[in-house]
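**Q**
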Ligand code: PEP
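Numbering (my numbering), first residue to last: 1302 to 1551.
#1: What is the rounded straight-line gap between the Cα of residue 1382 and the Cα of residue 1371?
#2: Anyone know if the C-beta pair for residue 1538 and residue 1314 falls short of 7 Å?
#3: Per the DSSP calculation, residue 1509 is bridged to which residue(s)?
#4: Using DSSP with H/G/I as helix, E/B as strand and the rest coil, what is residue 1568?
#5: Do you know how far the Cα of residue 1318 is from the Cα of residue 1464?
#6: Beta-carbon within less than 6 Å of residue 1457's beta-carbon, same chain only, minus the 5 sequence neighbours each way: which residues are those?
#7: I'd like to know whether the C-beta atoms of residue 1427 and residue 1468 end up nearer to each other than 7 Å.
#8: Roughly how many whole angstroms lie between the Cα atoms of residue 1530 and residue 1306?
#9: Suppose contacts are defined by Cβ-Cβ distances below 7 Å. Is residue 1258 in contact with residue 1363 by that definition?
#10: Of all the alpha helix (DSSP H) runs that stay within the bounds of the stretch 1403-1433, which reach a length of 4 or more residues?
#11: Look at the Cβ atom of residue 1411, then the Cβ atom of residue 1449, and state whether they are nearer than 7 Å.
#12: Give every residue of the same chain whose Cβ lies closer than 8 Å to the Cβ of residue 1388, excluding the five residues on either side of it in the sequence, and list them in chain order.
#13: Run the proximity test for residue 1426: is its beta-carbon closer than 6 Å to any non-hydrogen atom belonging to the ligand ZN?
#14: Kindly indicate which three-state DSSP category residue 1361 falls into: helix, strand or coil?
#15: Less than 7 Å between the beta carbons of residue 1518 and residue 1478, yes or no?
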């Protein structure tokens, strides 16, 4: 039985003031979330404060990215050791914005997955196709290539220590959600790929859906057998909306 996870990706949004209010709102309603695990991923500068505020609460925290390097002369980068120092449980790797805006290749993403896992945190590995790729009918090839790079790097068993997020790029921040059927199809495909390596890993790993999830569409997405929660962007910045999504997951 997989415990659903709802993770908020705040991206480059918020101030100390708005984040404090957002956390107040989430903590006020989190008691109604019975069976799902909940996490938030703030921008780096707020991690310490968010961690202090959430310590002892049911809400975990994580980062939106990490360097693939261990330490040293990498101006502007943040290492997994630093994130672990602030008790991050999760680190998002390979978000499509990192892949498309910052040129992260499958190999870089795989290296980040390995680093995060080696540091004792759970990588949330994002995979997903662009609109062009979906229309060209190559969604499965794209997702398979992205996943294979990580499996080749760390081995299939290591995938069990992470989380996968299927995020069709055309659905991120666009208000255009994949239908539950479209999402389920790709989630089942991903689980099938993993089953080809290791049945137990395939059965146990959580596969989140991400892409314009809202309070209004979360329940029907999460009802699908291979959708184990969501990675939430815009809607995670509004406490009530985020809580509605969390309740839909459990
Ligand atoms: C995301 O950035 O991971 C995401 C899913 O964003 P949104 O929910 O805003 O589409």
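Positions of the beta carbon are idealized from the N, C-alpha and C atoms, including for glycine. Small disclaimer: the values here were computed from a predicted structure and weren't measured.
**A** According to the structure shown:
#1: Position 81 of the chain shown, counting from 1, holds the residue named residue 1382. Position 70 of the chain shown, counting from 1, holds the residue named residue 1371. For residue 1382 and residue 1371, the distance between alpha carbons rounds to 8 Å.
#2: The residue you call residue 1538 lines up with position 237 of the chain shown. The residue you call residue 1314 lines up with position 13 of the chain shown. Yes, the pair counts as a contact, with Cβ atoms nearer than the cut-off.
#3: Within the chain shown, numbered from 1, the residue matching residue 1509 stands at position 208. Paired residue(s): 1466.
#4: Not covered by the structure: residue 1568. The range shown for the chain is 1302 to 1551.
#5: Here residue 1464 corresponds to residue number 163 of the chain shown, with the count starting at 1. Here residue 1318 corresponds to residue number 17 of the chain shown, with the count starting at 1. Approximately 30 Å, taken between the alpha carbons.
#6: Here the question's residue 1457 lines up with position 156 in the chain shown. Hits under 6 Å: 1498, 1499, 1502.
#7: Looking up residue 1427 in the chain shown gives position 126. Looking up residue 1468 in the chain shown gives position 167. In this structure, residue 1468 lies closer than 7 Å to residue 1427 by Cβ.
#8: Translated into positions along the chain shown, residue 1530 becomes position 229. Translated into positions along the chain shown, residue 1306 becomes position 5. Cα to Cα, residue 1530 sits roughly 5 Å from residue 1306.
#9: Given a span of 1302 to 1551 for the chain in the structure shown, any question on residue 1258 remains unanswerable.
#10: 1407-1419
#11: Here residue 1411 refers to the residue found at position 110 when the chain shown is read from its first residue. Here residue 1449 refers to the residue found at position 148 when the chain shown is read from its first residue. Not closer than 7 Å, so no.
#12: Position 87 of the chain shown holds residue 1388. Counting only Cβ-Cβ distances below 8 Å, and skipping sequence neighbours, we find 1352, 1356, 1362.
#13: The ligand ZN is absent from the structure shown, which contains only the ligand PEP.
#14: Within the chain shown, numbered from 1, the residue matching residue 1361 stands at position 60. Residue 1361 falls in the strand class under three-state DSSP.
#15: Along the chain shown, one-based indexing puts residue 1518 at 217. Along the chain shown, one-based indexing puts residue 1478 at 177. Cβ atoms of residue 1518 and residue 1478: closer than 7 Å.
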